[in-house]
Amino acid sequence: MSMLQHYIKLAFRNLIKYKSQSVISIIGLAIGFTCFALSTLWIRYEQTYDTFHKGADRIYLVRVESYMSSSGISEITPYPLAGFLKATFPEVEDACNMQAWGMAFKYKGKEYTSFKIGVDSATVNMFDFQLISGSRDFMLQNNNKLAITDRFAKQLFGAEDPIGKEIDIYGDKVICAVVKPWDTHSNLPFDFLESNSFGKEWNASAWQTFIRLREGADIQAFRKKLDEYKTKPGQTFSVDKIVLTPITSMRYDRPNRVVTVKYEHILLFASAGGLVILCALFNYLTLFITRIRMRSREIALRKVCGSSDKNQMVLFGVEYSITLLLALFTGLILIELALPTFRELSEIKLDNMDIYLAAIKYTAIVASLSFLLSLYPIYYFRQKTLNAMLKGSTGSKSKNIFQKVSMIAQFVISICFIFCAVILMKQIHHLNQADFGFERTNRACINTYPSIDGLREEMAKVPFITEIFPDSISAIFPRYARSYSTIDRWDGRQDSTASVSLEMFDCNQAYFKFYEFQLLEGEIPADGNSDHILINQAGIKELNMDHPIGKTIGGDNPWIISGVIKDFYIAPPTVPCKPGFMVFKKKAEFNDSSILFKYQEGTWTNCKQRLDALVRKLNPDVRSCRINNMEEEYGKFLKSENALLMMLDFVTLVCVLISLFGVFSLVTLDCEKRRKEIAIRKVNGAVTPHIMQSFLLKYMLLLLVASAIAFPTGYLIMKPWVESYVLQTRIDFWIYPVIWLVLAALITLCTGWRIWRAANQNPAEVIKSE
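In the working numbering, the protein residues as written are 36 to 805.
What follows is the structure, encoded as structure tokens:
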């Protein structure tokens, strides 16, 4: 025990002696541990959504391929589908429909937001809904009753009994039951339950369909069976277009709800945390092994005095372990500081203690692995240093190979981070500044339900509004309803069985001018000339049509193509523009439920506040009011990319600082070690610039080697990522030399003064002290 105490004292003395190197290593490791632990916890949390359901590993959401969804897949299905799948395929043990949506309601004049699920007997049979009190009358068709969870009832009514109370959900609803809520860790949260509407039609889709397979059923074989199923005559729904998504994967496999950070971006952040740990580990090991070499005389004396290899390894192991423990403790402090932001980004609903315990577990695992992986290099270089000292040699020229490899590794990681962050930043900027085929700057819309008489006239008096669109056509973006037409006849069709689906947009000349769509060829139809259309480039490509002006598409009442417009992008940036066409209708009657307008630059916040107050003034009981700015709405598509950029910028800064401080520390140790050599060179006529050049040249060469590895690696990582976007930025050549020159300048600034100071010491005093 006394020896262990002695080793701990020595460890702290060395940490204090090299305090600057120790502090940067501890902070670097702590940040790496924090990033990795939180991101690992985040990934684990994302992967365990809805695992509390009975047979969760066998429950699947039935989705279908759809042109109407921006992701290409829709979760909205017809009501008869659940019964059909259960009756037709023996692999299906149970099936049900539900309607799970977010909603707004009012209670005592105050507006609230919550979630509700429409259920029937099949839903209750498949999922566990536990009644606490009241009756099941809420499951009866065509009634005004609903159930509330006890958790939400306490938030809404406090200690009062909720049964019998009325709330306004597009009409008065009476609470008849209290039910137990599901775990909050669900993609299908609910505060209310009501009866599920019933439908017999296959061509009406308004439900979410879930199936539970029998135990032992092969999901891949079942998917193949669905693909090979032949639609019978008279059936309007094609089973081969079904996509089965495990209920436990709904959170990250094209989720039905907008998430702040995409799952793949969380994986990237976890990888970044691992690389930060690696960078800090390389940095600390390099400095640690360099200090072992500098303590060669101490190591030899200990050996001569009877210290065993085991004792010496324990000595160095204790010092290394203390560093890791201090890093772990610092990491916990960083977790405490980062917790509010982490909760906001991750939407994790766990107690602080649960987060701490999970973070400690993941951090301890990583710290233990780091310690075990570091034992061999420490043992190897301790042995090598001891042998060199006992034999009286100074070592071979290759003695600094580990140091060089370590510095190259740190530079590679730092350059990769910088390169990826620059490309990510460039891509996001490009998406914000690119030509979208229409103008979205300073354009907005207001939607109210019910419509408010006189709203348009009052809006004209708002000083921030510069123009109000005079018609009632819905905004081009965001779109709350879509219309498609299946075209099976057109001029020049080569395959007689071919058909294409084109999205239809209502338009008129004022609407075309309001959004500044770009006409590429042809002419704009006159208002009311509804048999003449404008078609986009994607539509022409889908129809495989040359010289489209004047040609017709459609069936008995064909449309004539009057012009071609540039593709306009109103979907997420990774989704290609859908083929579509514009139909020019007569001027519509005013309907103030949807009003488009332009506003002055930089006045959106004030404008929105004024409009919101205006709506409440004209109709205090308005059920729904949405005021949308097109730029903000599109910015939601880039929410995850912006969050990733923020996290990547942080870890990039950390890695660069670790690398720069690693270089500075090595230069400091190198200058201390080579004081006598520098003094002799000064005596022999060497000037300060030449001495500085000899030091810096080594690190510039290491940076050059690292760049040769990092830049191709970064390109291979970012090129496919950039190509996943429809509008892509260029990976310009100038990025490579600029990054290299910036790092070279930073290395020179960080180390130059230290080398200059060592080179300008009095040679006589240095030689005398040696």
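Each residue gets a CB set at the ideal place from its N, CA and C atoms; glycine is no exception. Here the structure is a predicted model, which is why all the values come from computation and not from measurement.
query, result
"Own chain residues within Cβ distance below 6 Å of S431, not counting five before or after", "Note that S431 has pLDDT 46, beneath the 50 cutoff, so the model's placement of it is unreliable and no number is given."
"Residue(s) in a DSSP beta bridge with P113", "S240"
"Cβ pair F71, G366 closer than 7 Å", "no"
"Where K141 sits in the DSSP three-state scheme", "strand"
"N592 versus W525: straight-line alpha-carbon distance, rounded", "11 Å"
"Backbone secondary structure at V722 - three-state DSSP", "coil"
"Backbone secondary structure at L762 - three-state DSSP", "coil"
"Limits of the beta strand (DSSP E) - the one that A479 falls within", "R478 to Y484"
"Same chain, Cβ closer than 7 Å to E551, five either side skipped, listed in chain order", "F473 and E474"
"Contact with chain B by G637, beta-carbon distance below 7 Å", "The displayed structure is made up of one protein chain only, and chain B is not part of it."
"Three-state secondary structure assigned by DSSP to L385", "coil"
"Whole-angstrom distance between T687 and V457, CA atom to CA atom", "10 Å"
"Same chain, Cβ closer than 6 Å to V447, five either side skipped, listed in chain order", "A741, I744 and A745"
"Heavy atom of the ligand FAD within 6 Å of F225 beta-carbon", "Ligands displayed in this structure: none; no statement on the ligand FAD is therefore possible."
"F47 versus Q347: straight-line alpha-carbon distance, rounded", "16 Å"
"DSSP-derived helix/strand/coil call for S403", "helix"
"Check whether I370 and T75 have beta carbons under 7 Å apart", "no"
"C-beta atoms of N663 and P513 nearer than 7 Å", "yes"
"Option nearest D684 by Cα separation, candidates I450, G193 and W791", "I450"
"Spatially closest choice to D203 from Y771, Y147 and F233, by CA coordinates", "Y147"
"Cβ-based neighbour list, E379, same chain, cut-off 8 Å, excluding 5 preceding and 5 following", "T295"
"Cβ-Cβ distance between F699 and I790 below 7 Å", "no"
"Same chain only: Cβ atoms within 8 Å of G749, ignoring 5 sequence neighbours per side", "I450, C451, F454, C455 and I458"
"R93 burial status per 10 Å Cβ neighbour count (16 or more: buried)", "buried"
"Proximity to V689 [Cα-Cα], best of G563, R247 and C314", "C314"
"W639 - containing beta strand (DSSP E), residue span", "Looking at the DSSP string, W639 is not in any beta strand (DSSP E); the run it does join, the alpha helix (DSSP H), is W639 to L653."
"Per-residue burial, H567 [other beta carbons within 10 Å of its own, 16 or more giving buried]", "buried"
"Cβ neighbour criterion (16 or more within 10 Å) applied to D85", "buried"
"Three-state secondary structure (DSSP) of H300", "helix"
"The region 489-499 contacting the region 711-726, beta-carbon criterion three pairs below 8 Å", "no"
"Spatial neighbours of I357 in its chain, beta-carbon cut-off 8 Å, leaving aside the 5 residues before and after", "I43, A46, F47 and L50"
"L39 in three-state terms, based on DSSP", "helix"
"I4 to I413 span [Cα, whole Å]", "Absent from the model: residue 4. The displayed extent of the chain is 36 to 805, so no value can be given."
"Spatial distance of S284 from F696 (CA atoms)", "43 Å"
"Boundaries of the beta strand (DSSP E) in which V209 is found, first to last residue", "D207 to V214"
"According to DSSP, residues forming a beta bridge with H567", "I595"
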